[in-house]
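Protein chains in written order, with the working numbering: chain W, 7 to 298; chain A, 189 to 481.
The next block holds one structure in the form of structure tokens; read it before the comments.
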Amino acid sequence: MKKQKVHIYNNIFKAIVFFFALITFLSVILIGIFMIVNGGPSIVKVGLKEFLLGPVWNSANEPPQYGILAFILSSFYSTFFTVLIAVPISILVALAIGQLMPKGLGSVLRSIISLLAGIPSVIYGFMGLIFVVPFVQRIFNLSSGLTMLSSVIVLIIMTLPTIISVSETSINAVNKGYLEAAYALGVRKEYALFTIIIPAAKSGIMTAVLLGVGRAIGETMAVIMVAGNIPQMPSMLKPVRFLTTAIVTEMSYATEQTRGVLIGIGLVLFVFVLIVNSVFRFFIKKAGKING
Amino acid sequence: MDKNIYDKQIRPGVIAVRALIYTVTAAVVTLVVAIIVYLIIKGLPYINWELLSTAPSRLNETYGIAPMIINTLYIVLITLVVSIPLGIGTAIYLAEYSKPGKIISAFRFAIEILAGIPSIVYGLFGLAFFVNTLRIGSGSGSMLSGALTCALIVLPTMIRTTEEALLQVNPTYREAAFSLGASKLHIIRTILLPCALPGIVVAVILSIGRIVSESAALLYTAGVDYTMPTNFAKHIVEPGAGLTVQLYLYATEGGAPDWVPYAMAAILMILVFVINLTANIIAGLFKKKVSVK
């Protein structure tokens, strides 16, 4: 009799967790479908080629022009330069706190840097507005410091903690035997760091780069405050508008048609993230195989 | 003339490498400390009871942030109410009940993709779906719409962390319980969940941090109102800006004296630090406990 009851409770519980899993599953699918159904037709209406390769964005024109090439290039350039500068810095810092410094000092610095990771992006934007923007304006003698350069500087600071912590984890996970073998052969530590540790930690560092790219492409609020937000082709010392900031800027006063196009931009971002993920996954697998 | 081979040779290359690494590290750490210290020193003197307890009002000349604190609290609470059962339930299902197969691995892949999507895309979805299609609350956003959007954002992390915590429970516990004839529900309730609890708590705390710092997804789903809520039940369907969104508005559009955004930034920073510190301490205790075993 009692056994029967336990059985019922078990089944009820199983049904409940299955139901929760189902809701999660459906909402994941819903997001995808919703983005495609709402953004897809607008893209088709504008024409995929005009949409992706059109150089002019002017939603207030009659008829409106919805070319997002400038946004795509701006996002691409700023991400590229951010990663280009943030990755070498991060690797050096990761080597310092993971390999060179005494353990105590290393862990203190590690926790200080990890504090950066939790800071809300609006605070980064606010700091950028106070420090970076006037700085860029003065150094380059511009009429306004709201430029792509300012947003790249802010993005570098924002991506540092993520890239540092992930690459440090992979650097510390490298087999100690490799280093010991190198020392036994008379290799200096400084030399071994670059010829043994970094190549062996390659796949982990790739993951770190992937996270950095994801954060730089997707960042919105920090860059909207410092990028100047003018839809034009990217240039370091000019104001630019990114894919993410384009959505925020026009969403509040968008017409029905523009709103569809903005969801289309969201779709483009979605696809970018997918592509970046798959490409890096491929490389990480490859790098893992060579080392393994 | 002969050099002793035990003397360490000083090589310029080695010194240069060390100098480079230490300089870069020192620069990064100085920058971090400078940012944090500057904001807190600039903002801290303005934090007082009046700021924390009043609403912005031209008439009374107050620039308080009480409504934003309340809005942030609303969003955090509603998000947790929605995402904790969903996240933990899904994790239990994935870890304990699901059989490996194509659908489950597709699901895992989808969750992983979700974790990488920029929050502005979630905001876009929330606006189009919760606000415009389902019409939850007011047309310019509501606490509930914002919280549902946030729930979608924190779900992937919550599911993954909980599942990891469940899978880390020593398998012999489970086997021992099974061999004694315990039912699956009993094992989950009395063994797996208690053992995985610290991991789950850390996941929840980190989610709170994420929601507190979220802004892009909330701007158009939760709205931008800053009046003091009058009816606490009705406020769920009313729009309102949280701390981050209001800080963004003050910093870009003005509307308050210069010190207000500094004070808000300092409060946000301290809040986020406390949240992350708590998560770290709990995670540290958990690690110690596991290693003792």
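Note that the Cβ used here is the ideal one computed from N, Cα and C, for glycine as well.
Alpha carbon to alpha carbon, how far is LYS55/W from SER284/W? Give it in angstroms, no decimals. 24 Å
Can you say whether GLY334/A is buried or exposed, counting buried as having 16 or more other CB atoms within 10 angstroms of its CB? buried
With 9 Å as the threshold, decide whether the Cβ of LYS109/W is near any Cβ in chain A. By the rule that beta-carbons nearer than 9 Å mark a contact, LYS109/W does not touch chain A.
Is THR264/W near ILE230/W, with beta carbons less than 9 Å apart? no
Check each residue of the segment 434-445 of chain A: if its Cβ is closer than 8 Å to any Cβ of chain W, include it; give the result in chain order. LEU435, TYR436, ALA439, THR440
Give me the residue from THR30/W, ILE22/W, GLN10/W, HIS13/W with the minimum Cα distance to ARG348/A. THR30/W
Taking 9 Å as the threshold (beta carbon to beta carbon), is ASN464/A in contact with chain W? yes
May I ask you to report which of helix, strand or coil DSSP gives SER401/A? helix
Start and end of the alpha helix (DSSP H) containing ARG296/A? 290-304
Note down the Cα distance separating ILE95/W from ALA215/A, rounded to an integer number of angstroms. 10 Å
Near-chain A residues of the segment 188-200 of chain W - C-beta to any C-beta below 7 Å: ARG194, GLU196
Reduced DSSP secondary structure (H/G/I, E/B, other) of TYR72/W: strand
Between PRO240/W and TYR83/W, which are expected to be in contact by the criterion C-beta below 8 Å, what is the C-beta distance as a whole number of angstroms? 5 Å
Per the DSSP calculation, TYR251/A is bridged to which residue(s)? PRO244/A
In the DSSP assignment, the alpha helix (DSSP H) including ARG221/W goes from what residue to what residue? ARG221/W -> alpha helix (DSSP H) spans 208-224.
Hey, GLY220/W and VAL279/W: beta-carbon distance below 9 Å or not? yes
Test: GLY298/W CB closer than 9 Å to a CB of chain A: The pLDDT assigned to GLY298/W is 43, lower than 50, so where the model puts this residue is not dependable; a value taken from the coordinates is nonetheless given after this. Cβ-Cβ to chain A under 9 Å: no for GLY298/W.
What's the C-alpha gap between PHE295/A and GLU284/A? 15 Å
ASN67/W in three-state terms, based on DSSP: coil
Does the beta carbon of ASN468/A come closer than 9 Å to any beta carbon on chain W? yes
Around the Cβ of LEU385/A, are there at least 16 other Cβ atoms within 10 angstroms (buried) or fewer (exposed)? exposed
Please find out if some non-hydrogen atom of the ligand NAD comes closer than 8 Å to the beta-carbon of LYS244/W. No copy of the ligand NAD appears in this structure; indeed no ligand is present at all.
If we call anything under 9 Å between Cβ atoms a contact, is MET331/A one with GLY428/A? Yes, the Cβ-Cβ distance between MET331/A and GLY428/A is below 9 Å.
Tell me, please, whether the CB atom of THR350/A is closer than 9 Å to any CB atom in chain W? no
Best match in MET257/W, SER113/W, VAL232/W for proximity to GLN143/W [C-alpha to C-alpha]: VAL232/W
First and last residue of the uninterrupted alpha helix (DSSP H) at SER307/A: 307-314
Which residues, in order along the segment 305-325 of chain A, keep a beta-carbon less than 9 Å from a beta-carbon of chain W? ILE305, PRO306, SER307, ILE308, VAL309, TYR310, GLY311, LEU312, PHE313, LEU315, ALA316, PHE317, ASN320, THR321
Taking C-alpha atoms, which residue in PRO344/A, LEU373/A, LEU380/A lies nearest to THR360/A? Checked all of PRO344/A, LEU373/A, LEU380/A; the closest Cα to THR360/A is LEU380/A.
From the DSSP output, in three-state form, read off VAL246/W for me. Shown here, VAL246/W sits in a strand according to DSSP, grouped into three states.
Check the C-beta distance from LEU473/A over to VAL433/A and give it rounded, since I have them as a contact under 8 Å. That pair is no contact at about 34 Å.
Residues near GLY112/W by beta carbon distance below 6 Å, same chain, minus five either side: ILE103
Closest to PHE57/W by C-alpha separation, out of PHE40/W, MET41/W, ALA76/W, would be which residue? ALA76/W
In chain A, which residues lie with their C-beta within 9 Å of the C-beta of MET5/W? Residue 5/W lies beyond the stretch modelled for chain W, which goes from 7 to 298, so this question has no answer here.
Could you have a look at GLY234/W and say whether DSSP puts it in helix, strand or coil? GLY234/W falls in the strand class under three-state DSSP.
I believe SER326/A touches VAL425/A by the beta-carbon criterion, under 8 Å. Please report the beta-carbon distance rounded to the nearest angstrom. 7 Å
Hey, is MET7/W's beta-carbon within less than 9 Å of any beta-carbon in chain A? Note that MET7/W scores a pLDDT of 49, beneath 50, so its modelled location is shaky; the value from the coordinates is reported in the next line. MET7/W does not count as touching chain A.
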